[in-house]
Amino acid sequence: MAQRFVQLDHMTRGRAMLGCGPGALVSDAYMMGIEPVTQRPRMDEALDAIMLLLEGAEPVTLKTDWFEMRQARLHLTPYTEPHFPIAVASVMTPSGVIAAGRHGLGVLSLGAGIPGGPEALANQWKIGEETAARHGKTMDRKNWKLVVNVHVAEDDEEALRQVKRAERHETITYFEETLGRPPGRSDDPLTEGVKMGTTLVGSVETVVRGIEHLWRLSDGGFGGVLFRAHEWANREQTLKSYELFARYVMPRFQGSGEAPRGSNEWARENRRTIFSPNVEAIRRAFVNAGRAVPEDFRQRTSGARDEHLPGTTP
0 MAQRFVQLDH
10 MTRGRAMLGC
20 GPGALVSDAY
30 MMGIEPVTQR
40 PRMDEALDAI
50 MLLLEGAEPV
60 TLKTDWFEMR
70 QARLHLTPYT
80 EPHFPIAVAS
90 VMTPSGVIAA
100 GRHGLGVLSL
110 GAGIPGGPEA
120 LANQWKIGEE
130 TAARHGKTMD
140 RKNWKLVVNV
150 HVAEDDEEAL
160 RQVKRAERHE
170 TITYFEETLG
180 RPPGRSDDPL
190 TEGVKMGTTL
200 VGSVETVVRG
210 IEHLWRLSDG
220 GFGGVLFRAH
230 EWANREQTLK
240 SYELFARYVM
250 PRFQGSGEAP
260 RGSNEWAREN
270 RRTIFSPNVE
280 AIRRAFVNAG
290 RAVPEDFRQR
300 TSGARDEHLP
310 GTTP
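The sequence shown stops at residue 313 when you use numbering that gives the first Met the number 0, and every number in between is there.
1) Taking E204 as the reference, give the member of P84, V149, P188 with the closest Cα.
2) In this structure, does DSSP put K62 in helix, strand or coil?
3) Give the DSSP bridge partners of F226, in chain order.
4) Out of G223, P188, R246, which one is the CA nearest neighbour of V146?
5) Can you give the Cα-Cα distance for L109 and E264, rounded to whole angstroms?
6) Just tell me which of E129, L46, Q70 has its CA closest to the CA of T60.
7) I need the boundaries of the alpha helix (DSSP H) containing L238, first residue and last residue.
8) Please classify G95: does DSSP put it in a helix, a strand, or coil?
9) Just to confirm my understanding: we take L216, look at its own chain, exclude 5 residues before and 5 after, and list those with CB closer than 7 Å. What are they?
10) Apart from the five residues on each side of it in sequence, which residues of its chain come closer than 6 Å, Cβ to Cβ, to R72?
11) According to the Cβ coordinates, are C19 and V87 closer than 8 Å?
12) Quick one: give me the first and last residue of the beta strand (DSSP E) that I85 is part of.
13) Would you check if the distance between the CB atom of I49 and the CB atom of M0 is smaller than 8 Å?
14) Which value, in whole angstroms, describes the spacing of the CA atoms of P93 and T272?
15) Start and end of the beta strand (DSSP E) containing A15?
16) Report buried or exposed for P313, applying the criterion of at least 16 other Cβ atoms within 10 angstroms of its Cβ.
17) Using CA atoms only, rank isn't needed, just tell me which of N287, R164, V90, G201 is closest to G112.
18) How would you write the range of the beta strand (DSSP E) that S108 sits in, first residue to last?
19) Where F296 and S275 are concerned, what is the direct C-alpha to C-alpha distance, given to the nearest angstrom?
20) Per the DSSP calculation, A71 is bridged to which residue(s)?
21) Going by DSSP, what residues sit across from G201 in a beta bridge?
22) When you compare each of V278, R283, G289, P293 to T300 by their alpha carbons, which one comes out closest?
23) Classify A28 as helix, strand or coil using the three-state DSSP reduction.
24) What three-state label does DSSP hand R271 in the structure shown?
25) Does the count of Cβ pairs from the region 183-203 and the region 159-171 closer than 8 Å reach three?
26) Below 8 Å CB to CB, which residues in the same chain sit around R12 once its five sequence neighbours on both sides are set aside?
27) Applying the criterion that 16 or more other CB atoms from any shown protein chain within 10 Å of the CB defines a buried residue, is W231 buried or exposed?
28) Within 10 angstroms of the Cβ of F66, are there 16 or more other Cβ atoms? Answer buried if so, exposed if not.
29) For G103, which residues in the same chain have their Cβ closer than 7 Å to its Cβ, ignoring the five residues on either side in sequence?
30) Can you tell me whether M50 is helix, strand or coil according to DSSP?
31) Would you mind sorting G220 into buried or exposed? The rule is 16 or more other CB atoms within 10 Å of its CB.
32) Which of the three DSSP states is assigned to G116 in this structure?
The structure is reproduced here in structure tokens:
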């Protein structure tokens, strides 16, 4: 695994990211004969080995009850220094953030999209930071990503209309009929999820408020939001959702719109001081040329004048 990702790191010129987790698909573990109680400890042991290999300080000799390494080393060092981004999945239990804390890695909070998940974010991160401190590591909130369901449309009603049928189909056929979860307690789980902040479906402003809500609950912020590819809407609607998010939601949090917005507000607040001399200069140009000042010019520039200017109609 370590060597394959190093190779991918080189092939993508540093655009590869390794996500780690004990395995959310219980059926996979069953088919491979892995007992669920061993999944998390084994992930920890595997992650320990991977990090030692990536550090490359010395050959790795390590033995567990399910694998052994003898003088192991990589034949390529990572393209990214010190290594490609690595994040550990965290849903409900603290095992994910504990594993991330032990190595100072990033966190993928899939639990942000389930009931009660947003309220647990701050405590989960705190556990990770405490674990990191005990192991001489540090956690960086820039490497913390929240995984949620997102769909953006022109308004709230249209966004809900676009995804409602497919969301309900997934809930019934997969979560209830396949996984055996009890039927939802709400007649409208989609709308309820939007209200709880676990599902970000709506207009640009609604989604912005949803992210701001998650930000507040995180008690310090996080590095990004990852979309779950739920396929609740058709391709055209999904691509439009991505476009709306990129054009109107992302700039609100990345700061890329602050300079233009600030410049506009400054010009708006000071327009009389800024534009009044120019209005007078244009007026004088007409007068000096022996021409009457056009009435439409007076009307169009009335909002830019501080006061009545000589030679103009009040």
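Beta carbons: idealized from backbone N, C-alpha and C, even for Gly.
Straight from the coordinates:
1) The alpha carbon of E204 has as its nearest neighbour, out of P84, V149, P188, the alpha carbon of V149.
2) Strand, per DSSP.
3) In DSSP, F226 forms a bridge with V147.
4) Nearest neighbour of V146 by Cα position, chosen from G223, P188, R246, turns out to be G223.
5) Going by the C-alpha atoms only, they are around 39 Å apart.
6) Per the Cα distances, Q70.
7) Residues 234-243.
8) In this structure, G95 counts as helix in the three-state DSSP scheme.
9) Counting only Cβ-Cβ distances below 7 Å, and skipping sequence neighbours, we find P117, E118, L120, A121.
10) So the list reads P58, once near-sequence residues are dropped.
11) Yes. Within cutoff.
12) 85-89 is the extent of the beta strand (DSSP E) around I85.
13) Yes; because the gap between Cβ atoms is below 8 Å, this pair is in contact.
14) Looking at the two C-alpha atoms, the distance is approximately 59 Å.
15) Looking at the DSSP string, A15 is not in any beta strand (DSSP E), and its letter there is neither H nor E.
16) The pLDDT assigned to P313 is 46, lower than 50, so where the model puts this residue is not dependable; a value taken from the coordinates is nonetheless given after this. Counting Cβ neighbours within 10 Å, P313 comes out exposed, since fewer than 16 surround it.
17) It is V90.
18) Looking at the DSSP string, the run of the beta strand (DSSP E) that includes S108 is 105-108.
19) Rounded to whole angstroms, F296 to S275 spans 13 Å at the Cα level.
20) Answer is V59.
21) According to DSSP, which records beta bridges pairwise, G201 is partnered with V151.
22) Of the listed residues, the one whose Cα sits closest to T300 is V278.
23) If DSSP states are grouped into helix, strand and coil, A28 belongs with the helices.
24) R271: helix per DSSP, three-state reduction.
25) Yes, the region 183-203 touches the region 159-171.
26) Correct list, in chain order: Y78.
27) It is buried - the Cβ of W231 has at least 16 other Cβ atoms within 10 Å.
28) Label assigned to F66: exposed.
29) The residues are A131, K136, T137, M138.
30) Helix, per DSSP.
31) Counting Cβ neighbours within 10 Å, G220 comes out exposed, since fewer than 16 surround it.
32) G116: helix per DSSP, three-state reduction.
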